[in-house]
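Residue numbers (the numbering used here): 13 to 728.
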């Protein structure tokens, strides 16, 4: 099945920032307008929704926190998506974040099925360059930042099985969150049981040695709610060595606890979690190896050197929100320690990280016509980093020994104004200053090894302004302008082709400007929709590449332009059936980029990003059972800056999920489910390694897999 569309374009008069929009987008606009006028508008009073219902038709009434202060989606000048508890859990494995972000327009998840490097998550292309972890996107978990002051986010500690809600801000938010905020993901742990105590034991078993067991206890005592979850996941993986042995396995132990209670006139939240992860990295493949057998490992570079990742991380966070002297005060304090061992084909990286931070926000009550909020962020990060040679998985001679420090401070001011019942304005401004410092501990040898200690200071001023206009009983228009910035991370600054320590003096921050406009609305009680058009211009975009040592290095491109569209449509066909569809189009090109060798790459496609993605699902079932059929089409993906290597092929996958509602077994409830992923057994490339050395650009996904799960619950 092919959903590829021709690259015809339609010029939009009077919108110079967006320049050209594909014909397919104009068709989508016409379709949404037609839908609205075909159905009689529903009254505003009907816009009521529970956070975990499916489908989310009346999303306009949902109150979200991803903008920093509570706001209804239907009144927002920015595109926001929400995933509720049922969508997060129903019939899913709880293995990968891809499941939690399914069906969100503008959000692309390239699942490597490799716990050693994680999933590549991007929002409108921000984060698409990441070789591991998450870059370019700000992440918040239970009010605590998961994004470090240098801009990298580690999501290993997010327990998908205990999530209750995900909010996504699909656009730059540096004016709200500072560094690396090309988009925002906000994860929230499920709300504790409100009546007494409840215990849930969940087990999922499936193909490729999948076994996930989780026990969650939650409840409420007086004004205190608590949740304690223990999770173990083991995964053999689908990749195989030349001898047929599995390589790509993962063992993950996770403890997550959350407590919410009254303190003074406000609410105190306490989060504590611990992670222990051991995973193998099978690596990416050349095209000939992919075609020969996509399950194979890139041997012997990976198997002989025992590539993978070991992590032990403990994190604690505290939040308090309440009134003080007529103002609303929000505070968040966190701290973490992370021990990280990363054997690579060329060397072994050993990092011991400590990070602490605090955020304080003051504002007047949100129900006021004019709402003003201001505050400060302070974040500190210390990395003790050592690199050794890799001698068949054993540490060789030490090659680098230094301590890297990051000190970040951000001051921000946000305001919103309701001019009348139809028009609301939003504005924010933020100043960030980040100090990167390296202390080189490697012995100095004249003419051989110099002292590479040093420091760099990077700062940025980030404004945003937005407007929302109600143009009908259930229709709103929105538009906004934002500036964003993204510093290189300590890894990106520290990986230097010369092999020297310290930070790369020629690698600079990435800056951008974005303009967007959109429409959202409800057409009758059965259909909701949103369409957003955007244009982003980036200067000094950070690009990854590899050398013969298979280590990722980084450089700045001149400038890039991204023009795109996002559309989402939800419809309740009957009490028995509902559908949802999301479409993403992104035209990302280098607008000014000349390599060090003199090659002009202007006009080439930015690698790592699929120009088009379509996701859809249909859910059938009464209260007693359900069946979900989901599909995803992902366009071909460029893999190099020059676009000279074969693109990763487009693919179209189907998944099916089935389950029953709770079956009463005495005092217990049994909730069974099952699923098939990649229903038609397709061979596909699930992710790409951008500019990889040796033409190893392609990371395969698994063929058809099966799983069976169930939850045994006791209590309310």
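Ideal placement from N, C-alpha and C gives every residue a C-beta, glycine not left out.
Bear in mind that the values here come from a model prediction, so they are computed numbers and not experimental data.
query, result
"Suppose the cutoff is 6 angstroms on Cβ atoms and the five residues either side in sequence are ignored; what does the same chain contact list for residue 599 look like?", "575"
"DSSP three-state call for residue 709: helix, strand or coil?", "coil"
"Apart from the five residues on each side of it in sequence, which residues of its chain come closer than 6 angstroms, Cβ to Cβ, to residue 504?", "566"
"For residue 341, which residues does DSSP report across the bridge?", "334 and 374"
"To the nearest angstrom, how far is it from the Cα of residue 727 to the Cα of residue 94?", "28 angstroms"
"Based on the DSSP secondary-structure assignment, which residues constitute the bridge partners of residue 216?", "224 and 721"
"Can you tell which of 301, 306 and 366 has the C-alpha that lies nearest to the C-alpha of residue 328?", "366"
"What does the alpha-carbon distance come out to for the pair residue 528 and residue 506?", "35 angstroms"
"Residue 182 and residue 190: beta carbons closer than 8 angstroms?", "no"
"For residue 637, does the count of other Cβ atoms within 10 angstroms reach 16, so buried, or fall short, so exposed?", "exposed"
"So residue 264 and residue 127 are in contact, right, with Cβ under 8 angstroms, and what is the actual spacing, rounded?", "7 angstroms"
"Report the rounded CA-to-CA distance for residue 230 versus residue 281, giving the unit in angstroms.", "15 angstroms"
"Contact defined as beta carbons within less than 8 angstroms: I believe residue 451 pairs with residue 414. What is the distance between those atoms, to the nearest angstrom?", "6 angstroms"
"In the DSSP assignment, what residue or residues form a beta bridge with residue 525?", "495 and 549"
"Just to check my reading of the structure: residue 719 and residue 218 have Cβ atoms closer than 8 angstroms, yes? What is that Cβ distance to the nearest angstrom?", "3 angstroms"
"Taking residue 266 and residue 284 to be in contact with their CB atoms under 8 angstroms, please state how far apart those CB atoms are, rounded to whole angstroms.", "Not quite, the Cβ-Cβ distance comes to about 12 angstroms (not below 8 angstroms), so this is no contact."
"What did DSSP end up calling residue 599 once you bin it into helix, strand or coil?", "strand"
"Helix, strand or coil, according to DSSP, for residue 501 in the structure here?", "coil"
"Mind listing, in chain order, the continuous alpha helix (DSSP H) runs of no fewer than 4 residues lying wholly within the region 128-206?", "186-189"
"Check the DSSP bridge columns for residue 651 and list the partner residues they point to.", "Answer is none; residue 651 lacks a bridge partner."
"Please classify residue 693: does DSSP put it in a helix, a strand, or coil?", "coil"
"Could you compute how far the alpha carbon of residue 39 sits from the alpha carbon of residue 443?", "Note on residue 39: pLDDT 42, under 50, position unreliable in the model; the coordinate value appears next. Spanning the two alpha carbons is a distance of roughly 40 angstroms."
"Which parts of the region 407-473 are runs of the beta strand (DSSP E), unbroken and 3 residues or longer, counting only runs that do not cross its ends?", "435-452"
"How would you write the range of the alpha helix (DSSP H) that residue 98 sits in, first residue to last?", "97-101"
"Is the separation between the beta-carbon of residue 697 and that of residue 712 shorter than 8 angstroms?", "yes"
"Would you tell me roughly how many angstroms separate the C-alpha atoms of residue 531 and residue 386, rounded to the nearest one?", "29 angstroms"
"In three-state DSSP terms, what is residue 544?", "strand"
"Report back the beta-carbon spacing between residue 729 and residue 311 to the nearest angstrom; my notes put them in contact at under 8 angstroms.", "With the chain represented from 13 up to 728, any question about residue 729 goes unanswered, as that position is not in the structure."
"What are the partner residues of residue 395, as DSSP defines its beta bridges?", "365 and 416"
"To the nearest angstrom, report how far apart residue 522 and residue 570 are at their CA atoms.", "10 angstroms"
"Tell me which residues share the same chain as residue 148 and place their Cβ nearer than 6 angstroms to its Cβ, disregarding the 5 neighbours each side in the sequence.", "138, 139, 192, 194 and 498"
"Taking only runs of the alpha helix (DSSP H) that begin and end inside the region 297-324, which ones reach a length of at least 4 residues, in chain order?", "299-304"
"Taking C-alpha atoms, which residue in 493, 624 and 441 lies nearest to residue 472?", "441"
"Is residue 110 helix, strand or coil when you go by DSSP?", "helix"
"Using C-beta distances below 6 angstroms, list every residue in its chain close to residue 716, excluding the 5 sequence neighbours before and after it, in chain order.", "690 and 693"
"With DSSP collapsed to three states, give me the class of residue 483.", "strand"
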